[in-house]
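*Asks:* For the sequence shown, the numbering used here gives the first residue as 276, with consecutive numbering after it. Positions of the beta carbon are idealized from the N, C-alpha and C atoms, including for glycine.
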Amino acid sequence: MSELDGFFENKMNEECGVFGVFNHENAAELTYYGLHALQHRGQEGAGIITSDGVTLHQHKGEGLVRNVFSQQDMERIKGIHAIGHVRYSTAGGGGIMNVQPFLFRSQSGPLGLCHNGNIVNAHQLKGYLEKEGSIFQTTSDTEILAHLIKRQKAPTLFDALKTSLNYIDGAFAFLLLKQNKLFVALDKYGLRPLSLGRIGTDGYVVASETCAFDAIGAEFIRDIEPGEVLKIDLKTGITSSTYAVQEERAMCSMEYVYFARPDSDIEGINVHQARKNCGRVLAIEAPANVDIVVGVPDSGLSAAIGYAEEAGLPFEIGMVKNKYVGRTFIEPSQELREQGVKMKLSAVRSIVKDKSVLLIDDSIVRGTTSRKLVDMLRHAGAKEVHFRISSPKIKAPCFYGVDFSTYDELIGATHSTEEIRQVIGADTLAFLSLEGMVKGIGRESKLGKNCGQCTACFTGEYPTSMYEDITAANVEVK
């Protein structure tokens, strides 16, 4: 989530990002820089747990990575293995108690745990576990896995983890850290991105996005497969196992459209190129008679470039975001609030004045931001403002770790395209079709059959079950 998006309170927000390092003398520092590269995935809290081979050390706090960790903190948590997490609260809410990674201590030794995603049968599982005697220390659904693992009578933690994961449904990328072992798990649908890399001679890294590998000079090895669990230890290296099999993948479409950084590759597809391709398809589906094409910083820029190239129109930087402005507190007057908007984003008056402008954004969630953007261009002298969206209309809630979980939050669920146009004040408005987005991202054409994507927020058709009771989980709860 960008700070601009936080101010406008319109854009969707991804829940978090995870990063892990195994067998490197600078594990804490590498994790710090990895989390910094993943900062866009969560700005409310950050944490790191390290292991020196004997003891697990933890530091976490609310706020940005650079504000949570001091040099003294990094010295205190030095280790050779580490897991880290950046958080945007959805399931469970905010607060320091829900900042990850979590550190659990028991007679079997300490365990660090962090998670990206959302468990859709969390309510049912928590209810069952509490009846069986579990006491939860947080309101996060992540903690469920630790309680499930503890209840297993498996010979090893690896076996207990695989059994426990079959109780859980939804979107998840888990990292678990023991003194000399790192465990990695991805949900069977592949709803969240997770990749494996190499650092140094014998070190490994795991991250929600490949851009974090580039930040620390790590080499990409491969993506974690849906339903896969990895155990990484000093004796045997990497051991891979499958805990569940799903016939078709369902990577979240919004990872390509909005969440991920443009320099990341998700299952071999570059995010910038996917967005650019969607812009090209949008130009074919929804042409406009305009003077210039402008993208909304940052995630609308790639699609705007693609649209402009396909349409043969000039691409211009008609809006600029100030990346160095922190969050704006609530000011006492409307005038100062408007000034806060201009501090974070401004129209380039000399570029848009007296022009018919085609403005491209990645999505419309609640509509308030879009209205502000249109007004901003008109106040800067734009003659016309035409709006194009490089994804389909969002019509349904997301239950997999994105912060819109009710229909009331979505303008696309209750308004036609023409009604939305009137609300935001644009001269024209068009969305990319579902078929156009799928074509632009190109997963099946590039990755093969059954490499689809989750489109639930556009269609209301969910890849997982929506649970009413624990019997729907299709597992035997003991």
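Nearest-angstrom Cα distance between Asp566 and Pro468?
*Replies:* Approximately 38 Å between the Cα atoms of the pair.
*Asks:* Taking the alpha carbon of Val568 as the point to measure from, which residue in Ala579, Ala561 and Gly575 has its own alpha carbon closest?
*Replies:* Looking at the Cα atoms, Ala579 is the closest of the given residues.
*Asks:* Which complete alpha helix (DSSP H) runs does the stretch 339-403 hold, if anything under 4 residues is left out?
*Replies:* For the stretch 339-403, whole alpha helix (DSSP H) runs of length 4 or above, ordered along the chain, are 340-343 and 346-351.
*Asks:* Could you give the distance in angstroms between the alpha-carbon of Gly384 and the alpha-carbon of Thr739?
*Replies:* Using only the alpha carbons, I get a separation of about 34 Å.
*Asks:* Considering just the uninterrupted stretch of the beta strand (DSSP E) at Glu719, what are its terminal residues?
*Replies:* Where Glu719 is concerned, there is no enclosing beta strand (DSSP E), although the alpha helix (DSSP H) it sits in stretches over Arg718 to Leu722.
*Asks:* My output table needs one value for Gly292: the three-state DSSP class, helix, strand or coil.
*Replies:* Three-state result, Gly292: strand.
*Asks:* What span of residues does the beta strand (DSSP E) with Glu494 cover, start to end?
*Replies:* Counting along the chain, the beta strand (DSSP E) containing Glu494 begins and ends at Glu494 to Asp498.
*Asks:* Mapping DSSP to helix, strand and coil, what is Ile639?
*Replies:* In this structure, Ile639 counts as coil in the three-state DSSP scheme.
*Asks:* With a CB to CB cut of under 6 Å and the five nearest residues on each side skipped, what residues in its chain are close to Lys456?
*Replies:* These residues qualify, in order along the chain: Asp508.
*Asks:* Could you name the residues of the same chain whose beta carbon sits closer than 6 Å to that of Leu400, not counting the 5 residues immediately before and after it, in chain order?
*Replies:* Once the five neighbours on either side are set aside, the close Cβ partners of Leu400 are Ile419.
*Asks:* Starting from Glu337, follow its DSSP beta bridges and name the residues at the other end.
*Replies:* Partner(s): Gly320.
*Asks:* Can you give me the C-alpha to C-alpha distance between Tyr773 and Val480, rounded to a whole angstrom?
*Replies:* This structure does not reach residue 773, given that the chain is present from 276 up to 753, and the question cannot be answered.
*Asks:* If you check the beta carbons only, do Ser539 and Glu484 fall under 7 Å apart?
*Replies:* For Ser539 and Glu484, yes; Cβs fall inside 7 Å.
*Asks:* Return yes when at least one heavy atom of the ligand MG lies under 6 Å from the C-beta of Thr417, else no.
*Replies:* In the structure on display, the ligand MG does not appear, and there are no ligands present to speak of.
*Asks:* Going by C-alpha to C-alpha distance, which of Gln454, Lys670 and Met349 sits closest to Thr734?
*Replies:* Of Gln454, Lys670 and Met349, the residue nearest in Cα terms is Lys670.
*Asks:* Using the rule of at least 16 other Cβ atoms within 10 Å of the residue's Cβ for burial, across every protein chain shown, is Asn396 buried or exposed?
*Replies:* Buried: at least 16 other Cβ atoms inside 10 Å.
*Asks:* Can you give the beta carbon distance from Arg362 to Ala321, rounded, assuming they're within the 8 Å contact cut?
*Replies:* Arg362 to Ala321, Cβ: 7 Å. Contact.
*Asks:* Excluding the 5 residues preceding and the 5 following Tyr307 in the sequence, name in chain order all residues of the same chain whose CB lies nearer than 8 Å to its CB.
*Replies:* Only Ile323, Val340, Phe344, Met349 and Gly359 meet the Cβ criterion.
*Asks:* Check whether the stretch 512-532 and the stretch 696-706 touch, using three or more Cβ-Cβ pairs below 8 Å as the test.
*Replies:* Counting Cβ pairs under 8 Å, fewer than three are found: no touch.
*Asks:* Which word fits Gln728, buried or exposed, when buried means at least 16 other C-beta atoms lie within 10 angstroms of its C-beta?
*Replies:* Gln728 is buried by the Cβ-count criterion.
*Asks:* Checking 7 Å against the spacing of the C-beta atoms, do Gly593 and Val623 come in under that value?
*Replies:* Yes; because the gap between Cβ atoms is below 7 Å, this pair is in contact.
*Asks:* Suppose only complete runs of 3+ residues qualify. What are the beta strand (DSSP E) ranges in the stretch 405-482, listed by chain order?
*Replies:* 445-452, 456-461, 470-474 and 478-482, all fully within the stretch 405-482.
*Asks:* Can you tell me whether Pro589 is buried or exposed? The criterion is at least 16 other CB atoms within 10 Å of its CB, across all chains shown.
*Replies:* Pro589 should be labelled exposed.
*Asks:* Whose CA, out of Gly502, Ile686, Ser645 and Asp678, lies closest to the CA of Leu466?
*Replies:* The shortest C-alpha separation from Leu466 is found at Gly502.
*Asks:* Give me the Cα-Cα distance between Val677 and Asp434, rounded to the nearest whole angstrom.
*Replies:* If I take the Cα positions, the gap works out to 30 Å.
*Asks:* Per DSSP, Leu620 is paired with what?
*Replies:* Partner(s): Lys596.
*Asks:* Do Lys658 and Ser631 come within 7 Å of each other at the CB atom, strictly closer than that value?
*Replies:* Taking 7 Å as the Cβ cut-off, Ser631 and Lys658 qualify as a contacting pair.
*Asks:* The beta strand (DSSP E) spanning Thr703 covers which residue range?
*Replies:* Segment Thr703 to Phe706, the beta strand (DSSP E) holding Thr703.
*Asks:* Quick check on DSSP: helix, strand or coil for Leu576?
*Replies:* Leu576: helix per DSSP, three-state reduction.
*Asks:* Short check: CB of His422 to CB of Leu404, under 7 Å?
*Replies:* Going by C-beta atoms, His422 is nearer than 7 Å to Leu404.
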